[in-house]
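One structure is given below, encoded as structure tokens.
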Amino acid sequence: MKLNIGLSEKNRKAVGAVLAQLLADEVALYIATRGAHWNVVGANFGPLHSFFQDQYEALD
175 MKLNIGLSEK NRKAVGAVLA QLLADEVALY IATRGAHWNV VGANFGPLHS FFQDQYEALD
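The sequence shown begins at 175 in my numbering and counts up by one.
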């Protein structure tokens, strides 16, 4: 079955590649932010812990 969404095959592949890279970047950012959330130490622990939690929840 031929897929027809109004884009040429070349453009579909290009869009797919961009979306795959974007997804990979977002997953990496989520993992890094989640790690920062769990590894915060020091005088600013409370505000930074909450900040990173808000960030990773927005990415989830």
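Glycine included, every Cβ here is placed at the ideal spot set by N, Cα and C.
With 16 other Cβ atoms within 10 Å as the buried cut-off, status of residue i
i    : result
F226 : buried
Integer-rounded CB distance, given that residue j should sit under 8 Å from residue i
i    : j    : result
A214 : L203 : Per the sequence shown, the amino acid found at residue 214 is Val instead of Ala. Going by Cβ atoms, the distance from V214 to L203 rounds to 17 Å, so no, they are not a contact pair.
Between the CA atoms of residue j and residue i - distance to the nearest angstrom
i    : j    : result
L233 : V201 : 8 Å
G180 : L193 : 17 Å
F219 : T207 : 14 Å
A188 : A217 : 47 Å
L177 : E183 : 9 Å
R186 : A198 : 18 Å
Start and end residues, alpha helix (DSSP H) containing residue i
i    : result
G220 : F219 to L233
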